[in-house]
Amino acid sequence: MKDELFARLGELPPVPLDPELSRRVLQRAELELTRKRSPACGRREVSLLATVLVVCVVQVAWLVSFFGQIHR
Amino acid sequence: MRVLVHVEHSSDDELLARLKRGDRHALGLIYSRHAARVFAFLSRLSGDRQIAEDLFQETWLKLAQAASELSSASDLRAWLFTVGRNAFFSQARKLARVSALDAEPEPPALDLEPDAALSSNRELVRLERALARLSVIDREVLLLVGVEAMSHEDAARVLMLEPPAFRKRLSRARARLAALLAEDNPNHAAGGSSE
Chain A
1149 MKDELFARLG ELPPVPLDPE LSRRVLQRAE LELTRKRSPA CGRREVSLLA
1199 TVLVVCVVQV AWLVSFFGQI HR
Chain B
2 MRVLVHVEHS SDDELLARLK RGDRHALGLI YSRHAARVFA FLSRLSGDRQ
52 IAEDLFQETW LKLAQAASEL SSASDLRAWL FTVGRNAFFS QARKLARVSA
102 LDAEPEPPAL DLEPDAALSS NRELVRLERA LARLSVIDRE VLLLVGVEAM
152 SHEDAARVLM LEPPAFRKRL SRARARLAAL LAEDNPNHAA GGSSE
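Protein chains in written order, with the numbering used here: chain A, 1149 to 1220; chain B, 2 to 196.
The structure is reproduced here in structure tokens:
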């Protein structure tokens, strides 16, 4: 009885999917896929570059100040 | 036409790898492979075509958004069903449509377009009706295992259940569906065999 029940569940027909809905959903998903990629990739690199730049500026400022004091 | 041929040969893993690189064609192929089943699951789970359409759209948008972060070991089919299911429960809570899931509310009647084969087969119509009368909790497990033929491991993962809890839920849902079918069987009271 139980196996028969599951076999019958497997026979239920697919629910019709409206082609217009399908086209719309796929189009939005494709847009999202391409939209997400370009900025997301660059953002991490920009953040890393900004950190490196800040570290460099601090280092240079410290060196200038250090040698300035020695010179005096 | 070339796309259709490719559907036959690319595994989900290959398509997932391409999707992670932002390949739109891979998305299309994944869509053509899984969209109908995901939509059927969401339609039967929600019992409302409009809600199912919203959840369906949300599911595919989430795939596009999460594509680059998906693990290569992800089971794409299970992932899609999990996202769709979670979106359903999230929306149900928002709309307060689910009034205490554990109390097994009467689910809304399915608003499915009658298929020619379906209408000609009273057994399947009765089954569809009984399935719609189950609680969401019982219905989802039967939809995954019975209708979608998902393995117990994958279905347990979608439902986020440990194997013993999953087996218990499946067994209980199966018993409840059988009871509903017996109630709905016109020959049952007379003790005759069905059709």
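C-beta: ideal position from N, C-alpha, C; glycine also.
Quick caveat: nothing in here was measured; it's all calculated off a predicted structure.
Only buried fits Ala36(B), as 16 or more other CB atoms lie within 10 angstroms of its CB. Comparing alpha-carbon positions, the option among Gln58(B), Glu15(B), Trp61(B) lying closest to Ser73(B) turns out to be Glu15(B). Using a Cβ-Cβ cut-off of 8 angstroms, Ser1170(A) counts as an interface residue toward chain B, since at least one Cβ of chain B sits closer than that to its own. Taking a beta-carbon distance threshold of 8 angstroms, Val1163(A) counts as an interface residue toward chain B.
Judged by beta-carbon spacing, Ala27(B) lies beyond the 8 angstroms limit of Phe40(B), meaning their Cβ atoms are not closer than that value.
The Cβ of Gly29(B) sits closer than 8 angstroms to at least one Cβ of chain A.
Inter-segment contact for the region 161-174 of chain B and the region 137-147 of chain B is present: three or more beta-carbon pairs are separated by less than 8 angstroms. Using a CB distance below 8 angstroms, the part of the region 55-74 of chain B facing chain A consists of Phe57, Gln58, Trp61, Leu62, Leu64, Ala65, Gln66, Ala68, Ser69, ordered along the chain. Listed by position along chain A, the residues whose Cβ is nearer than 9 angstroms to that of Gly85(B) form an empty set, because the closest Cβ is around 12 angstroms away. Neighbours of Ala1209(A) in chain B, taken as residues whose beta carbon is under 7 angstroms from its own, are absent, since the nearest beta carbon is some 38 angstroms off. Contact with chain B is absent for Glu1193(A), since none of that chain's Cβ atoms lies less than 8 angstroms from the residue's Cβ. With respect to the 8 angstroms criterion, Leu62(B) and Lys21(B) are not classified as neighbours on the basis of their beta carbons.
Between Leu1160(A) and Glu129(B), the beta carbon gap of about 6 angstroms places them in contact (Cβ cut-off 8 angstroms).
Just measuring C-alpha positions, the residue of Leu81(B), Asp55(B), Lys95(B), Arg25(B) sitting nearest Arg1183(A) is Arg25(B). Nearest to Pro1162(A) by alpha-carbon distance, out of Ile31(B), Arg19(B), Leu43(B), Tyr32(B), is Leu43(B). Here Arg50(B) is buried: its Cβ has 16 or more other Cβ atoms, across all protein chains shown, within 10 Å. In this structure, Glu59(B) keeps its C-beta atom at 8 angstroms or more from the C-beta atom of Ala93(B). In this structure, DSSP gives Arg78(B) a helical state, which the three-state scheme calls helix. Taking a Cβ-Cβ cut-off of 7 angstroms, Leu1196(A) has no neighbours in chain B, whose nearest Cβ is about 17 angstroms from it.
Sequence-distant Cβ neighbours of Pro164(B) in its own chain, meaning closer than 7 angstroms and more than five residues away, are Ala157. Within chain A, no C-beta atom comes less than 8 angstroms from the C-beta of Arg173(B); the nearest is roughly 12 angstroms away. Residue-level contact by beta carbon fails for Arg1220(A) and chain B, as no gap is shorter than 8 angstroms. In this model, Leu1211(A) and Val1200(A) are separated by some 16 angstroms (Cα to Cα). Under a criterion of Cβ atoms nearer than 9 angstroms, no residue of chain B is adjacent to Thr1199(A); the nearest Cβ is some 22 angstroms distant. Contacts with chain A at 8 angstroms (Cβ-Cβ) include Ala41(B).
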